Amino acid sequence: MPNYRIRTATPQDADAARVVMLDTVYHDFRSGYVPRWHGDIIDIEAAYLVPARHTLLVAVEEGGVEGEGGAETVVATAALDSRGPAHPPNPLWLAERYPSGETAQLRRVYVRPAHRRQGLARELVRELLDFAAADGGYSSVYLHTDPAVTGAEPFWRSLGKVVCDEREGSEGGAGAPGPPGGAGSVVHFEVPMV
202 MPNYRIRTAT
212 PQDADAARVV
222 MLDTVYHDFR
232 SGYVPRWHGD
242 IIDIEAAYLV
252 PARHTLLVAV
262 EEGGVEGEGG
272 AETVVATAAL
282 DSRGPAHPPN
292 PLWLAERYPS
302 GETAQLRRVY
312 VRPAHRRQGL
322 ARELVRELLD
332 FAAADGGYSS
342 VYLHTDPAVT
352 GAEPFWRSLG
362 KVVCDEREGS
372 EGGAGAPGPP
382 GGAGSVVHFE
392 VPMV
């Protein structure tokens with residue numbers, strides 16, 4: 202059984218965390234790097250390490266392969282920032298419901314394939330929720346996911362509630378519609394704060 206440790210990322214972790222994130226967008230999402238969606242991946246420090254209300258967590262395998270960080274290998278990431286969903290591309294009502302500054306948005310919860318099904322993502326999210334609660338200024342926790350990524354939608358459904366499923370073009374439990382005709386393929390969630 203691998204020996205994992207979860208901790209707040211440091212500037213020295215930025216390169217290894219970036220590799221995990223880029224591998225995910227290329228291999229799992231198959232979108233590749235898209236600057237308007239993934240700019241935070243390139244400037245991890247400005248996005249997550251410098252702002253006081255933002256954070257990046259990493260899961261490291263202790264005694265892992267030498268290289269990225271010596272005897273520790275970054276195998277998973279999870280971030281939180283205070284930016285709500287932007288309109289566009291998201292529905293206006295969603296941006297209004299989850300305003301920047303009041304919304305903790307979960308981002309970049311990525312686990313390398315060989316380390317999945319070990320509880321890492323769940324533990325990373327639990328620690329992000331603790332961070333959001335300790336901040337005191339967040340009124341809600343929001344995230345969106347691509348349901349085409351294997352395991353993503355069931356994982357988030359186990360932790361939160363769907364507020365908009367763009368595939369349906371319907372309410373998704375939120376009382377307000379998604380894009381007409383289900384034009385999108387993103388599922389938006391609210392996760393209860395601890």
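Quick note: the sequence shown, position 127, residue 328 per our numbering, numbers continuous.
Here a beta-carbon is modelled for each residue, glycine too, at the ideal position from N, C-alpha and C.
It should be emphasised that the depicted structure is a prediction, and the values quoted were computed from it without experimental measurement.
For this session: Drop a sphere of 10 angstroms on the beta-carbon of serine 301, count the other beta-carbons inside from all chains shown, and report buried for 16 or more, exposed for fewer.
Result: exposed
Exercise. With burial defined as no fewer than 16 other Cβ atoms inside 10 Å of the residue's Cβ, what is the status of asparagine 291: buried or exposed?
Worked result: buried
For this session: Could you check what DSSP says for alanine 349 in three-state terms: helix, strand or coil?
Result: coil
For this session: Go ahead and pull the three-state DSSP assignment for glutamate 246.
Result: helix
Exercise. If you draw a straight line from the alpha carbon of tyrosine 227 to that of valine 261, how long is it in whole angstroms?
Worked result: 21 angstroms
Problem set entry | DSSP three-state assignment for arginine 237, whether helix, strand or coil | helix
For this session: Could you tell me whether the stretch 237–246 touches the stretch 316–326, where touching means 3 or more Cβ pairs closer than 8 angstroms?
Result: no
Exercise. What do you get for aspartate 214, buried or exposed, if any count of 16 or more other CB atoms within 10 angstroms of its CB means buried?
Worked result: buried
Problem set entry | Nonlocal neighbours in the same chain, by C-beta distance under 8 angstroms from arginine 313, ignoring five residues either side | Val221, Asp224, Val276 and Ala277
For this session: Give the secondary structure of aspartate 366 by DSSP, where H, G and I count as helix, E and B as strand, and everything else as coil.
Result: strand
For this session: Just grab the DSSP bridge partners of valine 260 for me.
Result: A quick correction: the sequence has alanine, not valine, at residue 260. DSSP lists Ile207 and Ala277 as partners of alanine 260.
Exercise. Can you round the beta-carbon distance between alanine 305 and alanine 296 to whole angstroms, since I take them to be within the 8 angstroms contact cut?
Worked result: At roughly 15 angstroms, the Cβ-Cβ gap does not stay under 8 angstroms, so alanine 305 and alanine 296 are not in contact.
For this session: Enumerate in chain order the residues of its own chain whose CB-to-CB distance from threonine 211 is below 8 angstroms, with the five nearest sequence positions on each side excluded.
Result: Leu250
Exercise. What is the DSSP secondary structure of phenylalanine 332, counted as helix, strand or coil?
Worked result: helix
Exercise. For leucine 307, which of Ala349, Gly352, Glu273 and Tyr339 has the nearest alpha-carbon?
Worked result: Tyr339
Exercise. According to DSSP, which residues form a beta bridge with glutamine 306?
Worked result: Asp282 and Tyr343
For this session: Find the nearest neighbour of histidine 239 within the set Gly337, Leu293, Gly285 and Arg309, judged by alpha-carbon distance.
Result: Arg309
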